[in-house]
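Asks: Under our numbering, think of the first position of the sequence shown as 33, with each following residue one higher.
Have a look at this one.
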Amino acid sequence: MIKIKTFVSGILSNNTYLIFNDRSIDKKEGVIIDPTGCFASARQYIIENNIELKAVMLTHGHFDHVIDVPKWQRLGIRVFAHKQELFNLNSDRTILMLKSLNLPPITIDEELSEKNYVFEGITIDVLHTPGHTKGSCCFVVGNNVFSGDTLFFNSFGRTDFPDGDFNQMKCSLKKLFTFSEQDYNVFPGHEDFSSLNYERTHNPILMYF
Ligand SMILES: [Zn+2]
Numbered sequence: 033m034i035k036i037k038t039f040v041s042g043i044l045s046n047n048t049y050l051i052f053n054d055r056s057i058d059k060k061e062g063v064i065i066d067p068t069g070c071f072a073s074a075r076q077y078i079i080e081n082n083i084e085l086k087a088v089m090l091t092h093g094h095f096d097h098v099i100d101v102p103k104w105q106r107l108g109i110r111v112f113a114h115k116q117e118l119f120n121l122n123s124d125r126t127i128l129m130l131k132s133l134n135l136p137p138i139t140i141d142e143e144l145s146e147k148n149y150v151f152e153g154i155t156i157d158v159l160h161t162p163g164h165t166k167g168s169c170c171f172v173v174g175n176n177v178f179s180g181d182t183l184f185f186n187s188f189g190r191t192d193f194p195d196g197d198f199n200q201m202k203c204s205l206k207k208l209f210t211f212s213e214q215d216y217n218v219f220p221g222h223e224d225f226s227s228l229n230y231e232r233t234h235n236p237i238l239m240y241f
């Protein structure tokens, strides 16, 4: 049984997700997605609920999704991201922001590719979904999709960044809408949750298909 805890932070309403299993009271393992601006509260929650954090997974490397990453890395938690996100993780803006918080640059411990990542009791299927950025990924966990800045409720991510591409975004959303026929809960990088069935019929990207 997978549980999802959401932490919201910042003026951009960024969502940090902690997913964890609770197979037994004594042993819970968790993975945190896009940790940003909620280190203290997330850490407190992890300690109080006796969760062993196994990994930090990044949907992409924009500064507003990665602020807490060095703090988790300092605690020995491994960071998983697509290698093309080094472009954003090493951008002047991100480096300067981390420096202003006395935090070191972010390194990738394991480069994501399209496969299953299994952390005791949690299986994460990675879909590479470029468009918002070159290395953007969506994570499928059970009947949930963590869509980063690729898919939003009734919307989709900007493609006007230096490594953004609208045609790639169209292909990625087609891929996301068709990788399975089932419905999935959608947990985006910002603001409201949605469902894949709703987005399959209402998302404004459909007018460009
Ligand atoms: Zn972004």
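For glycine and all other residues, C-beta sits at the position ideal for the given N, C-alpha and C.
Only a predicted model underlies this, so the values are computations on that prediction, with no experimental measurement involved.
#1: Would the region 62-71 and the region 37-53 be scored as touching if the rule is three or more Cβ pairs under 8 Å?
#2: Closest to LEU208 by CA distance: which of SER145, ASN122, VAL158 and THR165 is it?
#3: Please confirm whether ILE65 and MET33 have their CB atoms less than 9 Å apart.
#4: Between the region 208-227 and the region 192-200, are three or more C-beta pairs nearer than 8 Å?
#5: So, do the region 177-186 and the region 162-169 have three or more beta carbon pairs nearer to each other than 8 Å?
#6: Tell me which same chain residues have a C-beta within less than 6 Å of the C-beta of GLU117, skipping the five on either side of it?
#7: Helix, strand or coil for ASN199, going by three-state DSSP, please let me know.
#8: Does the beta-carbon of THR165, which I'm using as the reference point, lie nearer than 8 Å to any heavy atom of ligand 1?
#9: Quick check on GLU80: does DSSP put it in helix, strand or coil?
Replies: In this structure, then:
#1: yes
#2: VAL158
#3: no
#4: no
#5: yes
#6: HIS92, GLY93 and GLY167
#7: helix
#8: yes
#9: helix
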